[in-house]
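Down below is the structure, laid out as structure tokens.
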Amino acid sequence: MRLGLRIATVMSWETITLEREALFAEVWAEAAQGVAARYGISGPALAKICRKLGVPVPPRGYWAQKAAGQTVRQPALPPRRPAEATSYQLTVRRDDYGPDGFTLDARVAIAKARATAIPVADVLESAHPLIKESSALLRKALLKTRTEVLPSKRCLDIVASRAQMPRALRIADAALKALEANGLEVEATEPKPAPPGYLSSYERSRYPPSKTGIHVGDAFFEFTLEEELDTVRPEEPKPSRDAPYEKRWDWVKRHGSPGYERVPSGRLALGLTGGGWLGAARSSWRDGKRKRLEEQLNDFVATVLELGERHRLWRLEREAAERRYAEAQRRAEEEERLRTLEAARVKDLDERLRAWSDAAGIEMLVTEFERVHGSAAAPGWVAWARKRAETLRARAIELTSSEGPAR
Numbered sequence: 002m003r004l005g006l007r008i009a010t011v012m013s014w015e016t017i018t019l020e021r022e023a024l025f026a027e028v029w030a031e032a033a034q035g036v037a038a039r040y041g042i043s044g045p046a047l048a049k050i051c052r053k054l055g056v057p058v059p060p061r062g063y064w065a066q067k068a069a070g071q072t073v074r075q076p077a078l079p080p081r082r083p084a085e086a087t088s089y090q091l092t093v094r095r096d097d098y099g100p101d102g103f104t105l106d107a108r109v110a111i112a113k114a115r116a117t118a119i120p121v122a123d124v125l126e127s128a129h130p131l132i133k134e135s136s137a138l139l140r141k142a143l144l145k146t147r148t149e150v151l152p153s154k155r156c157l158d159i160v161a162s163r164a165q166m167p168r169a170l171r172i173a174d175a176a177l178k179a180l181e182a183n184g185l186e187v188e189a190t191e192p193k194p195a196p197p198g199y200l201s202s203y204e205r206s207r208y209p210p211s212k213t214g215i216h217v218g219d220a221f222f223e224f225t226l227e228e229e230l231d232t233v234r235p236e237e238p239k240p241s242r243d244a245p246y247e248k249r250w251d252w253v254k255r256h257g258s259p260g261y262e263r264v265p266s267g268r269l270a271l272g273l274t275g276g277g278w279l280g281a282a283r284s285s286w287r288d289g290k291r292k293r294l295e296e297q298l299n300d301f302v303a304t305v306l307e308l309g310e311r312h313r314l315w316r317l318e319r320e321a322a323e324r325r326y327a328e329a330q331r332r333a334e335e336e337e338r339l340r341t342l343e344a345a346r347v348k349d350l351d352e353r354l355r356a357w358s359d360a361a362g363i364e365m366l367v368t369e370f371e372r373v374h375g376s377a378a379a380p381g382w383v384a385w386a387r388k389r390a391e392t393l394r395a396r397a398i399e400l401t402s403s404e405g406p407a408r
């Protein structure tokens, strides 16, 4: 008997009941951000729940005044209105592989990586070997890296315009060196070139391009560095419908049918894939109004270290699940063996009982036959019947059955 193996590889969910009185006490004992983070929801989501339950929340500036030692007033919980509920069912994702299970060394390494700024050189010198190997291909392909280079050559997954490529290479160089300084191995995989000719999407999936990733334990997390594109209207106006067909078609070939263009934005983004199902809080870092990508590389490295620890916890859980499955399989097979053995023994016992009963019946029949007709009547048949009874009796008590008394 075989059991179906089902091992969860995603976060689990749990339902929490928020009582009106308890939630009122929480939001007045701690800032809303802390309460929301504890339940795994956002601040606006918590405010919406409070409104549904009719729970007043501290006004703006309440916690600053309290921290400054000023006297603040906490109102009483108002009576519940008929339209307001007494509790709220909240379904949240439980972080099964969260920091609570991390080792002390991992926590220290993650905290150190997050607190240590990673410098990015103004000029690319002493570049990482992968940068040296890929820079010529990248500077030639630019925005066509993924279509022209990666399917056929080993190269870092960097996509940028001519203006941003030098900066992208410097950022990638700093990130690769920081990852290796934290004991991680970075690799650009060899592609599997596809044969010439048309290939369906399924056939093309059998020829993966070069991928850039990080080895963390036995896991491989891919990452990309690319320049974001903006959608803009072309400066050249679209020809009217009355214009010659050749002019309209020439415009469509240069600008596309909808009349929009995708142009480089100058903003770089770093993306990390493969960690969402492990509960990673972040998977992308990009140039923003407050922080440029160079200032966020430390958080990227810390997230990779955290993913490695989360993957270790997942692997331990999977191994435990496999052991539980193997034990359940062993028990199921043993139970099946015992059921089969019991069925065979019952069948054997029934056959022995029938043989014993038949033998006793034959003896009674022969005795009655001789009483009625005399012992001299039909001596051949009587001898055969008695021999048959002995054969049945011997079969009923024999020790040669594979599932009977011999076992």
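All residue numbers for the sequence shown refer to the working numbering, where the first residue is 2 and numbers rise by one. The C-beta atom is built at its ideal place from N, Cα and C for all residues, glycine as well. Small disclaimer: the values here were computed from a predicted structure and weren't measured.
Residue 39 sits in a helix when the DSSP states are folded into three classes.
As computed with DSSP, residue 263 is found in a beta bridge with 232. Of all C-beta pairs linking the stretch 285–292 to the stretch 192–202, fewer than three are shorter than 8 Å, placing the two stretches out of contact. DSSP places residue 186 in no alpha helix (DSSP H) but in the uninterrupted beta strand (DSSP E) bounded by 186–189. Sequence-distant partners of residue 43 (beyond 5 residues in either direction) whose C-beta falls short of 8 Å from its own C-beta, in its chain, are 37. Separation of residue 324 and residue 279 (C-alpha to C-alpha, rounded to the nearest whole angstrom) is 21 Å. Within the same chain, 210 and 211 come within 6 Å of residue 151 by CB-CB distance, once the 5 residues on both sides are set aside. Taken in chain order, the complete alpha helix (DSSP H) segments of 4 residues or longer contained in the stretch 202–228 are 202–205. For residue 44, the three-state secondary structure derived from DSSP is helix. If you draw a 10 Å sphere on the C-beta of residue 17, you find fewer than 16 other C-beta atoms in it, and that means exposed. About 5 Å separates the beta carbon of residue 156 from that of residue 138, a gap short enough to meet the 8 Å contact definition.
Runs of the beta strand (DSSP E) spanning 3 or more residues and lying entirely within the stretch 294–319 do not occur at all.
Between residue 170 and residue 125, the beta carbon gap of about 6 Å places them in contact (Cβ cut-off 8 Å). The Cβ neighbour count for residue 241, taken over all protein chains shown within 10 Å, is under 16; the residue is labelled exposed. Boundaries of the alpha helix (DSSP H) harbouring residue 136: 130–142, taken from the DSSP string. Around residue 364, the same chain offers 387 and 390 as residues with beta carbons nearer than 8 Å, after the five sequence neighbours per side are excluded.
Per the coordinates, the alpha-carbon of residue 398 lies some 48 Å from the alpha-carbon of residue 322. Residue nearest to residue 317 within the set 79, 219 and 254 is 219 (criterion: CA-CA distance). A direct Cα-to-Cα measurement between residue 302 and residue 146 gives close to 24 Å.
Going by C-alpha positions, residue 162 is about 24 Å away from residue 119. Counting along the chain, the unbroken alpha helix (DSSP H) around residue 64 starts and ends at 63–68. Residue 283 sits away from residue 229, with the two beta carbons spaced by 8 Å or more.
Of the residues 356, 342, 374 and 273, the one whose Cα lies closest to the Cα of residue 216 is 273. Distances from the CA of residue 299 to each of 117, 88, 340 and 98 were compared; the closest alpha carbon is that of 117.
For residue 287, there is no enclosing alpha helix (DSSP H); the enclosing beta strand (DSSP E) has its first and last residue at 285–287.
Our two residues, residue 164 and residue 263, have alpha carbons roughly 16 Å apart in a direct line.
In the three-state reduction of the DSSP assignment, residue 165 falls in the coil class. Nearest neighbour of residue 206 by Cα position, chosen from 214, 213 and 194, turns out to be 194. Each residue's CA atom was taken as its position, placing residue 338 and residue 312 some 38 Å apart.
Excluding its 5 nearest sequence neighbours in each direction, residue 233 has C-beta neighbours in its own chain below 6 Å: 262 and 264, listed in chain order. Taking residue 353 as reference, the option from 30, 400 and 367 with the minimal CA-CA separation is 400.
Secondary structure at residue 237: coil, using DSSP grouped into helix, strand and coil. Taking the Cα of residue 360 as reference, the smallest distance to any Cα among 336, 53, 385 and 378 is reached at 385. At the C-beta level, residue 56 and residue 82 stay beyond 8 Å of one another.
Going by beta carbons, residue 183 and residue 24 fall outside the 8 Å limit.
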